[in-house]
Each structure stands twice: as structure tokens, then as C-alpha cells.
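K.L.:
There are 2 protein chains.
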Amino acid sequence: MKRRVVALAGGVGAARFLDGLTRVIAPERVFIIGNTADDAEIHGLHISPDLDTVTYTLAGLANPKHGWGIRGDSFRCLEALRRLGADAWFQLGDVDLATHLYRTQRMASGATLSEVTREIARALAVRSTLVPMSNERVRTRICTASGELEFQTYFVKRRARDRVTGMRFEGASEATPAPGVLDAIENAEAIILCPSNPFISIGPILAIPGIRDALQRRRENVAAISPIVGGQALKGPAAKMMKSMGMRASAAEVARLYQDFAGVFILDEVDRKQAAQVEALGMRPVVTNTIMRGLRERKALARAVARELGILL
Amino acid sequence: MKRRVVALAGGVGAARFLDGLTRVIAPERVFIIGNTADDAEIHGLHISPDLDTVTYTLAGLANPKHGWGIRGDSFRCLEALRRLGADAWFQLGDVDLATHLYRTQRMASGATLSEVTREIARALAVRSTLVPMSNERVRTRICTASGELEFQTYFVKRRARDRVTGMRFEGASEATPAPGVLDAIENAEAIILCPSNPFISIGPILAIPGIRDALQRRRENVAAISPIVGGQALKGPAAKMMKSMGMRASAAEVARLYQDFAGVFILDEVDRKQAAQVEALGMRPVVTNTIMRGLRERKALARAVARELGILL
Chain X
282 MKRRVVALAG GVGAARFLDG LTRVIAPERV FIIGNTADDA EIHGLHISPD LDTVTYTLAG
342 LANPKHGWGI RGDSFRCLEA LRRLGADAWF QLGDVDLATH LYRTQRMASG ATLSEVTREI
402 ARALAVRSTL VPMSNERVRT RICTASGELE FQTYFVKRRA RDRVTGMRFE GASEATPAPG
462 VLDAIENAEA IILCPSNPFI SIGPILAIPG IRDALQRRRE NVAAISPIVG GQALKGPAAK
522 MMKSMGMRAS AAEVARLYQD FAGVFILDEV DRKQAAQVEA LGMRPVVTNT IMRGLRERKA
582 LARAVARELG ILL
Chain L
282 MKRRVVALAG GVGAARFLDG LTRVIAPERV FIIGNTADDA EIHGLHISPD LDTVTYTLAG
342 LANPKHGWGI RGDSFRCLEA LRRLGADAWF QLGDVDLATH LYRTQRMASG ATLSEVTREI
402 ARALAVRSTL VPMSNERVRT RICTASGELE FQTYFVKRRA RDRVTGMRFE GASEATPAPG
462 VLDAIENAEA IILCPSNPFI SIGPILAIPG IRDALQRRRE NVAAISPIVG GQALKGPAAK
522 MMKSMGMRAS AAEVARLYQD FAGVFILDEV DRKQAAQVEA LGMRPVVTNT IMRGLRERKA
582 LARAVARELG ILL
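These protein sequences, in sequence, are chains X and L. Residue numbers for the first sequence follow our numbering, beginning at 282 and rising by one. Residue numbers for the second sequence follow our numbering, beginning at 282 and rising by one.
1) Thinking just about the alpha-carbon of each residue, which of X:L496, X:G484, X:P458 is nearest to the one in N468 of chain X?
2) Along the stretch 320–337 of chain L, what residues have a CB closer than 7 Å to any CB found in chain X?
3) Would a check of beta-carbon distances place R357 of chain L closer than 8 Å to chain X?
4) Could you have a look at D549 of chain L and say whether DSSP puts it in helix, strand or coil?
5) With burial defined as no fewer than 16 other Cβ atoms inside 10 Å of the residue's Cβ, what is the status of G294 of chain L: buried or exposed?
6) Determine which residues share a DSSP beta bridge with Q513 of chain X and list them.
7) Suppose you measure from the CA of Q433 of chain L to the CA of A321 of chain L; what does that come to, to the nearest Å?
8) With respect to the alpha helix (DSSP H) encompassing H324 of chain L, which residues constitute its N-terminal and C-terminal limits?
9) Using a Cβ cut-off of 7 Å, pull out every chain X residue sitting near R364 of chain L, in sequence order please.
10) Straight-line CA distance for R439 of chain X to V445 of chain X?
11) Starting from the Cα of G563 of chain L, find the closest Cα among L:G315, L:T457, L:R500 and give me that residue.
12) Between the stretch 505–522 of chain L and the stretch 565–576 of chain L, are three or more C-beta pairs nearer than 8 Å?
13) Name the residue from X:R403, X:R584, X:A505 whose alpha carbon lies nearest to the alpha carbon of I472 of chain X.
14) Does the beta-carbon of P490 of chain L have 16 or more other beta-carbons within 10 angstroms, so that it is buried, or is it exposed?
15) Under three-state DSSP, which class holds C475 of chain X?
16) With H, G and I counted as helix, E and B as strand and the rest as coil, what does DSSP make of A290 of chain X?
17) For L553 of chain L, I'd like the list of residues in its chain whose CB is within less than 8 Å of its CB, leaving aside the five on either flank, ordered along the chain.
18) Of the residues X:P413, X:N478, X:R420, X:R408, which one's Cα is nearest the Cα of T463 of chain X?
19) Taking only three categories from DSSP, how would you classify T317 of chain X?
20) Rounded to whole angstroms, what is the Cα-Cα separation between L373 of chain X and R537 of chain X?
21) Measure the C-alpha to C-alpha separation of G292 of chain X and G348 of chain X and round it to an integer number of angstroms.
22) Looking at the strands, I want to know which residues DSSP matches up with I450 of chain L.
23) Quick check: the Cα distance between F371 of chain X and A392 of chain L, rounded to an integer number of angstroms?
24) Under 7 Å Cβ-Cβ, which residues of chain L neighbour Q386 of chain X?
25) Can you pull the chain X neighbours of T380 of chain L, defined as C-beta to C-beta under 8 Å?
26) Where does the unbroken beta strand (DSSP E) through T569 of chain L begin, and where does it stop?
27) Just the chain X side, please: which residues come within less than 9 Å of A630 of chain L by C-beta, in chain order?
28) Return the residue from the list X:R565, X:I328, X:A543, X:P460 that minimises the CA-CA distance to Q386 of chain X.
29) Could you name the residues of chain X that V287 of chain L contacts, counting a contact when the two beta carbons are closer than 8 Å?
30) Cβ atoms of L405 of chain L and I313 of chain L: under 8 Å apart, would you say?
31) When DSSP builds the beta bridges, which residues end up paired with V311 of chain L?
32) Measuring CB to CB, does L365 of chain L end up less than 8 Å from L326 of chain L?
33) What residue range does the alpha helix (DSSP H) around V462 of chain X cover?
34) On the DSSP bridge list, what partners appear for S525 of chain L?
35) Does E451 of chain L have its Cβ less than 8 Å from a Cβ in chain X?
36) Taking 8 Å as the threshold, find out whether the stretch 418–426 of chain L comes into contact with the stretch 446–453 of chain L through three or more Cβ pairs.
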């Protein structure tokens, strides 16, 4: 595909930005590489929270309040699981459950996560391409004062309350990028890092051998959007993690994490003063409003990024 | 347990009778051996339709119209599975689904079907004991003009329309009765064959090595309730199957199938004339109303059977 735009995506923040992007450029041009290191086996089902959040959002089905899950979903199965004594801390809606059942069974029959992700996206009429970062198993483990935790245990069950001292991506060094990922990066007109957590959403994607190298070769066409605004994360524990790992929680600090492969860095108006620091890292700073309260802001941010990258048709 | 009453059970007909029985004698006395040969793997889940029908009915949760499934259940997950392109011909309610998810995951973790069945029954406050006929895999295959069919494909997907020429219980000859089954039969005060399909509900239980022999040793205390009334099955394809397999569809013909191990045979008022035929088989015929339209009839039938067996306290 000519004029393809690649996006590296985590969950809710990424999905909201992509919702804007696919409204300002043709959705068919957008090739999304989704994080799968927060995938989990829950009640025996293969859950891919980030892939699902992107799919549901682009399908117009996402719960607008949370960003994840299905709008208007019910939780009757989950309540019944609780009655049976199951440890039902992970929110699984009745409609959402179908995705996990479908995925689990298809994969048990030998389908790859790429194949299943494409089937689900097609069935829900998503016009962009969404691929997992890898078809192999990669799992984020969070190091905390109370020991190493599975990602969803840390994030959902314990509500991201533990002090994070580090993380590792189990399986990442032996994993390979999913089919099409390296080729898409190589041939894309531009590559965008969505405003996602640099450690647990973008980090695992970068940890798959070959992906960071491919990005470095495209540095001039890679733009990263800061998920940190005014020292706070737009969503999730990114700012808290930065501090507990001895960094400053700032947009410029995120830029530093990406400096080897991102030529453009998008930061919020409130962080305008950090533009010079970004520039000092050899990146072109772009200051705009990055907070997406509604559809209007999603589109405005997407338009600003697209204009900067010269991909607006 | 002293004064235990054992029941061999299929699905809806059995569940309705057991609902009556557990209201006329203490439910704790009732030990139910459930058919598992119509179990199936659907959407990757282990479904045990007969065990669930009995559990839901005794828990007061069964759908009163169908007899199977949960009263007031919704089907949002199933609709969503259909949207994803799954072959969703098996009705799975959102609440019902929790049972299958729970069972599948527990068994994947190494629990036996006996253990899971007990856990589910306990969680739903069922006071009788329900055990599967075997913890090993046994599957009914239906022989038809269109070839051999999996049981649920024949029964649900194809709506029992195929002409049945025979059946086999895959795995039965290598299976062993679940723990407690033979002991319960040996020590029961009485044993009741619920009004279930003799071929596909009771047949598989009898096919597990050791069970029929154990029943034969208790012949005087075994009573079978005819599922055929006036030449028709109370529920399901029993009458049609009898005819297509070259038998007459009659209560007396069912009695003949059980003559080696049942000393008592309960048949409906409308089949009173067949009592002599039953007697000629060396069985004691008991004529009563066996059609269970509501709770009153369920209890009346149970009381009649219990009185005949001398188990009414």
C-alpha cells in the first residue's frame, strides 16, 4: 500500500488518537502495530486488552467513559462466575467475552494472533490494519516492592498501586515481529508513536528484536506524541512509574527515551518550555494541544501531527 | 449415607422428576448419576448439558419453558460470537456461559469433572449429590443415513431430524464409573431410572463397565420410569428413535430394554394395558400418572415412585 502511515499503539490513549487519525486521513492507510505484552489468560481465555481497545474504538463500539470494553455491555456472565467462586477481578462484559472466546478457540485451532486480530477487525468493519507486535508470547512482568507481578495483576487487580522499580518483557528477546511489521515500518510514509505509556505500551514493542532498528533507519519520519502533559499521564500510571524509576515525569524525559529513533516530538502547549530540551536531543519539537477530551480534540491532534509529517492528503 | 436413593439421569425429563423427588424425600438422600455422553466442546468450552440441566433445575434456576438453560438468561455473548462469524447454533446464555467457563478452566487446571460438578452444585446451593457417570471422556455418536454425527450436531444443530439407525458411545468401554458411583448403587435403599431417553441418556450410563452389573445385583430395588407415554416421548426423540431402529415405540418396549436389571417399571395410566406385558418380563408394573405438567405432577409422580419403593420417610 502506498502512502501508508504506521502507528505504534498501546491501549486507550492510542485508540483515541487513532480514532482521530482515521478521520483525518483515509483509515485504509493506517497500519497499527499493537502491544500484546499485557495480554493475559483469564478464566482460560486469551485476552488482548490493547488490541481489543483499538479494535473496539475504531469500530465505534468502545465504552466512551472507560475507553476499554464495549459501550452498554452487561456483566451477567462475570457475576455468575463470581457466584461460582471464580476470582473475577478482571472486568469482562458479555459482549466483550465473545471476542475472547473467539480468539481463544481460533488460536487453539492453530490460527495466529495476527490472523485472529484481522478476522475480528474485519467482522467489526474496522478499515485500518491492526497487527500484534508479535505472534509469539511476550508478557510484561512488573517489578515492585512486593515482588514481580503479572501485568494485569499489577494493573487491574492491584489497581497500579504498587511502587514500580522496573519491568521486563518475558519472551521478547526470542520473539519476532509479526508478519508485515518490519516491512510496514520500512515502507511507511510516516510512523507515529501514539500517546501511550513508554514503558508498558511502547516499551514491549521496541523490545521485539528488529523493530527499534527499523525505526532508527526511519528516524526522520518518526513522530512520537508525549503521553505526559504537565507532569501527569493523560491516562494510567506512566508519570508515577517514571518517578518511581528515578526519572522526572516530564514530556522531555519521554523524548529522551525515544531520541535514537524519533525525529519529531509532539508535546503539549503546557509543556512549551520543554521544547528547547527536546530540540537539544536532536528532535524537532511540535507544540500543540494534546489533551483529547472529545472527538473534536482527537481530530485536531491527529490533524496537527499529520500536517507536521506531511501525510495529510 | 444411610437411606440413600440413587437416580440415573439424562436431561430435562430427569431433572423435572428429580425436582419432584427432592421435594418428597430429603434432597440430601438423593445421589444422582448423570449422563455425560452428550457433553461437547463448543467455542472451546466443555459443555455438560445433562449435568447442567439437573443442577439448574435443582437450584431453582432452570428456564421453565425449555427445561434447559437459565431462567431469564440473555444471549448477548452468543449474538456477538455470531457477528464475529462463529458457528453459533448451540444456545449459550450469558449466565449459563459462566458454568462452562468455570468448568473448562478448572478441568484445564487438572480438576476432574466430578470435582467441578460438585463445586458448581455447591455454589448454587443444590443439596443433592450429582456425579457424572464417569470422569473419562465418553461421546455419543449417532448413526444416520447421512453418516455418523456428533450427538449435539444431531440433536441441536440438525434438530434431531435425521433418521437414526444406531448409536455408539465412544470411549465407554474403556471408561470407569466416577468415584462413588458403584458404591452408591450397591448401598442404595433404592435406585430409580428417571424418565429419560433409554438410548442416549440412560444407554451411555449403562455402557460404562460395571454399572449394569451393579444394577443387576440390585434388581429388586431398581425402578424405571417409562419416558414413553401413549407411544410418544415425553420430551425429545426417543419414540422416533425406537421406530427407526425397528422397535415399537411403547412403554413395554422400554421395559424390555431394562428387564435384566429393573424389578419395577412405572408406566402411565394411558398405557395401563401394557402392564401385563411388563409383568411377563418379570417386572412389577406400577401404573400412575407420569406426565409432569407442573410442580404438582412432579411431586405426585415422585411420591408414587417413592411409595412403591418404600423410601418415603
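Don't be surprised by glycine CBs; every beta carbon is placed ideally from N, CA and C.
P.N.:
The structure says:
1) X:L496
2) H324, G325
3) yes
4) strand
5) buried
6) X:V510
7) 7 Å
8) It is not in any alpha helix (DSSP H) - H324 of chain L carries neither H nor E in the DSSP assignment.
9) A404
10) 12 Å
11) L:R500
12) yes
13) X:A505
14) exposed
15) coil
16) strand
17) Correcting the residue type first, residue 553 of chain L is Arg in the shown sequence and not Leu. Same-chain partners within the cutoff: V568.
18) Per the sequence shown, the amino acid found at residue 463 of chain X is Leu instead of Thr. The residue among X:P413, X:N478, X:R420, X:R408 with its C-alpha nearest the C-alpha of L463 of chain X is X:P413.
19) If DSSP states are grouped into helix, strand and coil, T317 of chain X belongs with coil.
20) L373 of chain X and R537 of chain X: Cα-Cα distance of roughly 37 Å.
21) 8 Å
22) The displayed chain sequence assigns Phe, not Ile, to residue 450 of chain L. Paired residues: L:T421.
23) 23 Å
24) H324, G325
25) Within chain X, the residues placing a beta-carbon under 8 Å from that of T380 of chain L are A361, L365, ordered along the chain.
26) 565–569
27) With chain L represented from 282 up to 594, any question about residue 630 of chain L goes unanswered, as that position is not in the structure.
28) X:I328
29) Ordered by position in chain X, no residue passes the 8 Å Cβ test against V287 of chain L, which lies about 26 Å from the chain.
30) Not in contact: I313 of chain L and L405 of chain L (Cβ atoms no closer than 8 Å).
31) Paired residues: L:V286.
32) no
33) 462–468
34) DSSP, once it has assigned bridges, lists no residue as partnering S525 of chain L.
35) no
36) yes
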